[in-house]
Amino acid sequence: AAAAAAGVERMRLQRLIQEGRLLHPQSYEGLSDLFHALALCCGESPTRPLRAAYAQRLAQQLGGPTRRHLVVLVVGGMGQALMDYHLPMDSFLRQHCHPNRLVATFPSVAPTALATMATATWPGQHGIVGHHIRAHTRCTFASAAAAADNGHALFTCSDDAVVRHVDGPPLAEVKPPTVPPAAAAAAPAAAAPEAAAAAVD
Numbered sequence: 027a028a029a030a031a032a033g034v035e036r037m038r039l040q041r042l043i044q045e046g047r048l049l050h051p052q053s054y055e056g057l058s059d060l061f062h063a064l065a066l067c068c069g070e071s072p073t074r075p076l077r078a079a080y081a082q083r084l085a086q087q088l089g090g091p092t093r094r095h096l097v098v099l100v101v102g103g104m105g106q107a108l109m110d111y112h113l114p115m116d117s118f119l120r121q122h123c124h125p126n127r128l129v130a131t132f133p134s135v136a137p138t139a140l141a142t143m144a145t146a147t148w149p150g151q152h153g154i155v156g157h158h159i160r161a162h163t164r165c166t167f168a169s170a171a172a173a174a175d176n177g178h179a180l181f182t183c184s185d186d187a188v189v190r191h192v193d194g195p196p197l198a199e200v201k202p203p204t205v206p207p208a209a210a211a212a213a214p215a216a217a218a219p220e221a222a223a224a225a226v227d
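The sequence shown: position 127 = 153 (my numbering), numbered continuously.
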């Protein structure tokens with residue numbers, strides 16, 4: 027039954043890609059390819075090259091290793107639809123940005139994109155896939171609000187700090203609870219998977 031359900035989902039996914047409602051990750055060059063290309067232009071190569079042909083083609087378009095200066099301008103939230111709505115047709119960005127030229131990461135949020143830029147790898151490889159981090163309350167501190175969130179405290183990454191969404195001390199002041207050695211020895215082995223729940227969403 028599980029194999030049949032997986033087959034149905036696979037066919038549905040293929041249909042959505044064929045209809046153009048979803049974009050296959052390997053359809054166009056992406057940020058990982060661009061930053062691999064930038065590394066090539068600087069005489070370096072990522073430790074985990076993904077699609078060398080894509081990166082080499084982009085590196086040639088950027089000028090290759092003979093290029094002396096490279097500038098990367100990152101503007102969060104400035105998608106093609108926003109530029110089409112606000113900028114005149116003859117603006118520099120409208121003339122030089124093409125919707126299918128370079129695709130964003132998925133999810134297309136700043137932490138994911140910045141990690142892709144820093145590593146030249148896909149989000150599934152670097153593991154930064156969003157803004158939120160789940161931390162089990164036993165690993166941080168207990169509060170009524172955190173307990174109401176199914177035993178989890180929700181943190182949001184911001185530019186200069188990690189801000190907590192429920193009442194409690196600043197994250198820098200949070201200390202992990204101490205467990206007496208006797209209590210630790212008596213803890214069931216099943217507690218280990220709970221630690222995995224603290225992983226990034």
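Positions of the beta carbon are idealized from the N, C-alpha and C atoms, including for glycine.
In angstroms with no decimal places, state the Cα-to-Cα distance between residue i and residue j.
i: R83; j: A27; result: 44 Å
i: E45; j: P114; result: 30 Å
i: L88; j: G102; result: 22 Å
i: H157; j: P137; result: 6 Å
i: E70; j: M37; result: 40 Å
i: L64; j: Y80; result: 12 Å
i: D185; j: V155; result: Model confidence at D185 stands at a pLDDT of 36, short of 50, so the residue's coordinates are unreliable and nothing is read from them.
i: M109; j: R47; result: 21 Å
i: A30; j: R74; result: 35 Å
i: A32; j: T142; result: 29 Å
i: L39; j: R94; result: 43 Å
i: Y111; j: L42; result: 27 Å
i: S117; j: E35; result: 43 Å
Can you check which of these residues, the options, is closest to residue i by C-alpha distance?
i: F132; options: H152, L99, C123; result: H152
i: L96; options: F61, L140, L57; result: F61
i: L99; options: A107, L119, Y111, H112; result: L119
i: S134; options: Y80, Q86, R77, M104; result: M104
i: D59; options: V155, A139, I154; result: A139
i: N126; options: R94, Y54, P75; result: Y54
i: A107; options: C123, P75, R41; result: C123
i: L128; options: L42, A30, L49, A31; result: L49
i: P149; options: L76, V34, A30; result: L76
Starting from residue i, follow the alpha helix (DSSP H) in both directions and report where the run begins and ends.
i: S117; result: Looking at the DSSP string, S117 is not in any alpha helix (DSSP H), and its letter there is neither H nor E.
i: G150; result: 149-152
i: L64; result: 57-67
i: V34; result: 28-44
Checking 8 Å against the spacing of the C-beta atoms, do residue i and residue j come in under that value?
i: L57; j: A144; result: no
i: A146; j: P91; result: no
i: D85; j: C67; result: The sequence shown places Ala at residue 85, not Asp. Yes. Within cutoff.
What are the complete alpha helix (DSSP H) segments, minimum 4 residues, inside the region 78-145? Listed in chain order, they are 78-88, 106-112, 118-122, 136-145.
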